[in-house]
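Reviewing the structure listed below.
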Amino acid sequence: MRTRANLQNQIREWRQAGETIGFVPTMGALHSGHLSLVRIAKKNATKVIASIFINPTQFAPGEDFDTYPRDESADRAKLDSVGCDLVYLPTVREMYPDGTKTNVRVEEMSDLLDGIYRPHFFYGVATVVARLFLHTQPDVAVFGEKDYQQLQIIRRMVRDLGFPIEIIGGETARDADGLAQSSRNLYLTPEERRIAPAMQAALHRASVRVTNGTLPSVALEEARTMIMAAGFTEMNYVSLVDPATLEDLPNAPLPQGTVARLLAAAWLGKTRLIDNISVTR
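By the count of the numbering used here, the sequence shown reaches residue 281 at its end, each step adding exactly one.
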């Protein structure tokens with residue numbers, strides 16, 4: 001369905017029949033990671049909606065909005081293969097009616113980590129997800145942990161604005177060599193694809209070091225060095241943060257029982273890769 005009116009007519013019928021609704025928002029170019037989120041939604045609701053919408057407000061000038069992979073027919077076939085009940089394909093005008101002036105900002109969290117390098121990004125994400133929630137009216141929504149900062153920002157937005165929606169994080173889907181699955185992996189050359197798993201390997205090594213009591217500053221610098229030595233071309237960050245607030249943890253050995261999150265972002269040629277893993281001491 002391509003219009004909010006048609007979508008909500010269907011939702012109304014489902015609600016009258018006692019159905020519950022799960023929602024998976026995407027920008028298309030679907031891979032098995034996206035499909036795993038649909039499977040999670042199906043376990044938590046009787047009907048599942050996936051959206052495909054490449055959101056212009058989260059791209060800055062010069063980013064890859066125009067070249068972002070698009071293949072609607074393939075995406076719809078993949079969603080059908082895992083039992084998705086409805087695909088919502090709104091136009092830009094459907095999402096942002098003429099004269100739109102209202103945006104959603106989750107302050108502070110949106111300005112850390114990726115927000116430093118893409119200051120527009122999470123404000124665009126929060127705005128479009130809030131609008132999609134109003135269109136799809138789900139009981140549960142599933143977001144991948146691969147985009148961990150996004151997941152935590154959406155959780156905070158839902159809490160702060162009182163959306164009656166349960167947010168579920170889906171485990172990061174990885175290729176056999178550890179690379180986190182991403183639509184932008186399609187941009188990698190064969191040589192870059194060979195190098196790319198070094199990010200996950202560096203995070204794993206850092207997590208072991210931190211768990212064993214190494215100072216975070218030492219473990220993080222080792223991870224940065226490892227990533228760059230593998231052939232990455234520009235480092236943005238490797239950070240150890242509080243999972244809820246995304247703020248850097250103190251440069252001291254983690255106390256026993258601490259749960260933290262390691263996040264990284266770096267450029268490999270023309271492709272920016274991100275990844276993260278959980279750390280528990």
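Even glycine gets a Cβ: it sits at the ideal position worked out from N, Cα and C.
One question on the structure: do residue i and residue j come within less than 9 Å of each other, judged by their Cβ atoms?
i	j	result
L186	A29	yes
V92	S51	no
R2	L132	no
V38	G83	yes
V238	A223	yes
Q152	R174	no
I40	D85	no
N236	D139	no
H34	K101	no
N44	E166	yes
T26	V128	no
What residues match up with residue i in a beta bridge as DSSP calls it?
i	result
T26	I52
Y88	S51
V278	Correcting the residue type first, residue 278 is Ser in the shown sequence and not Val. DSSP, once it has assigned bridges, lists R261 as partnering S278.
M199	None; M199 has no bridge partner.
A266	M235, L273
I21	K47
L240	L262
G169	F143
D248	V241
R174	A180
Apart from the five residues on each side of it in sequence, which residues of its chain come closer than 7 Å, Cβ to Cβ, to residue i?
i	result
E19	T46, K47
Y123	N103, R105, S110
P197	D177, G178, L179
F59	F65
Pick out whichever of the options has its Cα sitting closest to the Cα of residue i.
i	options	result
N55	R105, Y148, A126, I116	A126
A176	R193, T189, F163	R193
L240	K270, M226, L112, A229	L112
T280	A206, R224, E221, T271	A206
G213	N276, N251, L263	N251
Y96	V238, G144, F53, V158	F53
Q150	P243, R209, G162, A223	P243
L203	A266, L161, E166, P164	A266
L246	L262, T233, F232, A201	L262
S182	T233, A5, F232, K146	K146
T271	T67, D160, T258	T67
G169	R159, Y148, A5	Y148
E234	R15, I274, Q256	I274
A229	Q256, I195, L249	I195
N287	F163, M226, E94	Absent from the structure is residue 287, since the part of the chain shown begins at 1 and ends at 281.
F232	T258, G257, A264	A264
S32	G144, L220, V218, D160	G144
Exposed or buried, residue i, counting other C-beta atoms within 10 Å across all chains shown (16 or more means buried)?
i	result
D75	buried
I116	exposed
S73	exposed
R12	exposed
G22	buried
T136	buried
D80	exposed
S36	buried
V208	exposed
T189	exposed
G62	exposed
G162	exposed
R118	buried
I'd like the list of long-range same chain contacts for residue i, defined as Cβ closer than 8 Å, with 5 residues on each side in sequence excluded.
i	result
T211	L254, V279, T280, R281
R70	G28, A29, I54
R156	V106, M109
Q10	M1, L86
L215	N251, A252, P253
By Cβ distance, which residues of its chain are closer than 6 Å to residue i, with the 5 residues on each side in sequence left out?
i	result
A130	V104
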